[in-house]
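Worksheet for the structure shown next.
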Amino acid sequence: MTIRTTNLALAAAVAAASLMSVGAGAQTANTDKERCYGISMAGKNDCAATGNNSCAGQAKADYDAKAWKYVAKGSCMNMEVTLKDGMKRKGTLTPM
Amino acid sequence: MLARLEGGLADFQSGFAASLLSAEKVADRRFSVHRNNVKASLVAALAARFPVVSRLVGVEFFQAMALVFIERCPPRSPVLAAYGAGMGDFLDGFEPVADLPYLADVSRLEWGRRLAWHAADASTISIEALTAVEPDRLAGVRLDLHPAASVVASVWPVISIWTTNTGDEEARPIGPDWVGQSALITRPGLEVFVNALPPSAELLFRSLSAGVALGEAVARAEHIAGFETAAALSLLFRTGAVTSLAVE
Amino acid sequence: MTADRRPRGGLGAGAGLKPEHYRDILDGRPGVGWFEVHAENYMGTGNGAGGPPHFFLEQIRARYPLSVHGVGLSIGSAEGLAPGHLQRLAAVVDRYQPALVSEHLAWSTHAGVFLNDLLPLPYTEATLAVVVRHVDQVQSTLKRRILIENPSTYLRFAVEQMAETAFLCELARRSGCGLLLDVNNVFVSTANHDFDPTVYLADFPVEHIGEIHLAGHASIEVAGGESLLIDTHDRPVSDRVWALYQSLISRIGPYPTLIEWDSDVPTWARLSADVARAESLLSFEEGRHARAA
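Going down the list, the sequences are from chains C, D and A.
The first sequence begins at 25 in this note's numbering and counts up by one.
The second sequence begins at 2 in this note's numbering and counts up by one.
The third sequence begins at 44 in this note's numbering and counts up by one.
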């Protein structure tokens, strides 16, 4: 393609893009809660002048990281994935 | 109970910090208040940062996983909002979630939204600014992208997974015909938007954000099947990803 | 630098500002004296600092006096202050021009790792020298006086050479900083160390006070039936802390007083009720001191 045709193609694309934009608006994938200025996103676990947890001292999160004993509980998504070992598995997000 | 100091302040703090981060049980319940404050508060911060990852693996699993993350990637800054940047790479290599290969990209999407929320503000321009440029000079235009704008490219349907686990009471199944999705994250005002980029348009985004001129950026992206210049440009402007342009 | 001795600093009673209450405050314009924010929540994430947190804070700052309370400077770190973090604090202070700036007598960073807790310091001459040097550094950078807060403590150290009150007094004298007296922290620490809070307050160098904090605490059981108080900021100020506060201000006069509530954040109505209670106590003392003068 010559420079000239590149410019024409680009100009056409820009013109088409501007037509696509009319009335389209920004699509959003946000929930209603987030639309409320997403305060829920900001309000949690800010830096605080104290240990954030009222359970302080109770060793609530007392896990032994070396002996891994938890399995992903997962939400009930039914999605087939191909793993590194080449195996296809379905519903891997249900309890293992 | 009195703890013993073994030397100067620096030695004291080294010993104290090592005991705080250690996984060994401590008999001193007073000391364990501090250890618990550190671990529980960081786990809670990560859970707030990655609610969809937490929902996907379950709260109990997430908390245990977060403790491993904290051990491997402790915060390097007192700004907790900036903690969690390494979660995607961590999940990529974390064996217990090997069966959830999309988890890392879901965390990257959540992290991108977090960065967008806190990024610097900037006003955006509409595509009319580009249509006003003479056709012969379009190829040399350079676009400035918004500080909040970023792309998470994935071979997994990350937007679908994120959406159903954010907005739906019960997550919907992802159909067998799913395709990989690239998410364009923007925050032109107070709201963070997540939009699917047209196939492979993330290359256009990356070229533009690296300062490549429009003609060259489009030419690079056009090598990739399925790329549509118009759709990609339309979306970038419409979602508030562009703040200004310079004509050479 | 000398201590700001103006009674109340013109501020009265204020509230810790939480994102949950941005809307209540901007829509309702409550008659609250001032708000305090944690500096670290307004430092962005490395890609500038904007978005909703600053959008709301700017509007609130336009209507109320503000206090910037740092929670992560680690002023007691032997390894020195992180220059990047001090610059971030300076940027927040520069942007919002707060009436008050404060930090904690504690440390929280070691070998570059942030431990996200206000960790205790042994009160020795060596520690004092480190903290004085760092307070100097902060005040020089910010070009203003800061206040340092007494911590909640759970541990004591055998090597200690002075009481916390003596340490704070020397710190204020040598560095010129003011003090933020957290009455809840006094109650928590003295209970944990089997000490009389009224004796602590009698020893406290009140001439350096620039601000007072009030907050809620929890009690947990420790092995052997012993209980320990934890500074949780997740509930109302306890009656015994209110009583200590009332007796303190009747002795020293009214000072800017903040209600802190950081976890299990209540409705604005609930939080502002505690602020109103502090305000009425302050007003009473202000009237009494004015008549006495």
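Idealized CB from N, CA, C, for every residue including glycine.
Just how far apart, CA to CA, sit residue i and residue j?
| i | j | result |
| --- | --- | --- |
| D/Gln64 | D/Arg50 | 13 Å |
| D/Glu72 | A/Thr88 | 21 Å |
| D/Phe206 | A/Leu148 | 47 Å |
| D/Ile225 | D/Gly181 | 15 Å |
| D/Ser235 | D/Ser201 | 15 Å |
| D/Thr165 | D/Gly176 | 12 Å |
| A/Pro126 | A/Gly113 | 14 Å |
| A/Glu168 | D/Leu68 | 37 Å |
| D/Pro189 | A/Ala92 | 14 Å |
| A/Ala321 | D/Ile186 | 45 Å |
| A/Trp77 | A/Thr241 | 28 Å |
| D/Val53 | D/Lys40 | 21 Å |
| A/Asp225 | D/Ala48 | 30 Å |
| A/Ile295 | A/Ser270 | 32 Å |
| A/Val136 | A/Val181 | 12 Å |
| C/Val38 | A/Ser183 | 54 Å |
| A/Arg138 | D/Leu191 | 20 Å |
| A/Asp239 | A/Thr233 | 6 Å |
| A/Leu272 | A/His260 | 7 Å |
| A/Ala206 | A/Pro194 | 13 Å |
| A/Leu325 | A/Ala333 | 12 Å |
| C/Gly75 | D/Leu22 | Any reading at C/Gly75 needs caution, since the residue's pLDDT is 43, under 50, leaving its predicted position unreliable; the model's value is listed next. Straight-line Cα distance between these residues: approximately 15 Å. |
| A/His251 | A/Glu328 | 19 Å |
| A/Gly221 | A/Ala215 | 6 Å |
| D/Gly9 | D/Glu171 | 56 Å |
| D/Arg56 | A/Gly330 | 55 Å |
| D/Ala46 | D/Glu249 | 46 Å |
| C/Asn31 | A/Thr310 | 59 Å |
| D/Ala253 | A/Val111 | The question about residue 253 of chain D has no answer here: the residues shown for chain D are numbered 2 through 249. |
| D/Arg30 | D/Asn37 | 10 Å |
| A/Glu63 | A/Pro96 | 11 Å |
| D/Pro158 | C/Ala33 | 31 Å |
| A/Leu54 | D/Val27 | 45 Å |
Go through its chain and collect everything with a Cβ distance to residue i's Cβ below 6 Å, but skip five positions before and after it.
| i | result |
| --- | --- |
| A/Pro163 | Thr196, Leu198 |
| A/Glu254 | Leu143, Leu190, Leu223, Pro299 |
| D/Phe194 | Thr187, Thr240 |
| A/Phe99 | Tyr65 |
| A/His177 | Ile118, Leu124 |
| A/Glu203 | Pro165, Tyr166 |
| D/Pro199 | Glu229, Ala232, Ala233 |
| D/Gly16 | none |
Once the 5 residues before and after residue i are set aside, which same chain residues still bring their CB inside 7 Å of it?
| i | result |
| --- | --- |
| D/Leu92 | Val98, Leu104, Ala105, Ser108 |
| A/Met44 | For A/Met44, the predicted structure reports a pLDDT of 37, less than 50, and the residue's modelled location is therefore unreliable. A value from the coordinates is still provided. Counting only Cβ-Cβ distances below 7 Å, and skipping sequence neighbours, we find Arg188, Gly219. |
| A/Leu132 | Ala82, Gly113, Leu116 |
| A/Phe200 | Pro165 |
Less than 8 Å separating the beta-carbons of residue i and residue j?
| i | j | result |
| --- | --- | --- |
| D/Gly216 | D/Leu139 | yes |
| D/Val142 | D/Ala247 | yes |
| A/Gly94 | A/Glu79 | no |
| D/Ile126 | C/Ser42 | no |
| A/Ala134 | A/Val318 | no |
| A/Val231 | A/Leu244 | no |
| A/Ile302 | A/Leu291 | no |
| D/Leu110 | D/Val153 | yes |
| A/Asp277 | A/Ser306 | yes |
| D/His35 | A/Asp237 | no |
| D/Gln14 | A/Ser293 | no |
| C/Ala35 | D/Pro102 | no |
| A/Val308 | A/Lys61 | yes |
| D/Leu116 | D/Val243 | no |
| A/Val280 | A/Asn227 | yes |
| A/Pro141 | A/Leu185 | no |
| D/Phe32 | D/Ser42 | no |
| D/Met88 | D/Phe70 | yes |
What residues in its chain sit with their C-beta under 8 Å from that of residue i, if we drop five residues either side in the sequence?
| i | result |
| --- | --- |
| D/Ser161 | Ile175, Trp179, Gln182 |
| A/Gln289 | Leu324 |
- Query: Between the stretch 78-94 of chain D and the stretch 78-87 of chain A, do three or more beta carbon pairs fall short of 8 Å?
  - Reply: yes
- Message: When you compare the stretch 58-72 of chain A with the stretch 230-246 of chain D, are there three or more beta-carbon pairs, one atom per stretch, that lie closer than 8 Å?
- Response: no
- Message: Extract the residue ranges of the beta strand (DSSP E) inside the stretch 252-292 of chain A, only unbroken runs of 3 or more that lie entirely within it.
- Response: 252-258, 261-264, 270-273
- Whole beta strand (DSSP E) runs in the stretch 174-241 of chain A with 3 or more residues, listed along the chain? 190-192, 221-225
- Is the number of C-beta pairs between the stretch 199-216 of chain A and the stretch 263-274 of chain A that are closer than 8 Å three or more? no
- Query: Within the chosen definition, does the stretch 148-168 of chain D reach the stretch 119-134 of chain D through at least 3 CB pairs nearer than 8 Å?
  - Reply: yes
- Task: Kindly confirm or deny that the stretch 151-163 of chain A and the stretch 100-108 of chain A touch, where touching means at least three C-beta pairs closer than 8 Å.
- Result: no
- What are the complete beta strand (DSSP E) segments, minimum 3 residues, inside the stretch 310-334 of chain A? none
- Message: Report the start-end ranges of each beta strand (DSSP E) in the stretch 140-221 of chain D that is 3 residues or longer and not cut off at the edges.
- Response: 143-146, 151-154, 183-187, 194-197
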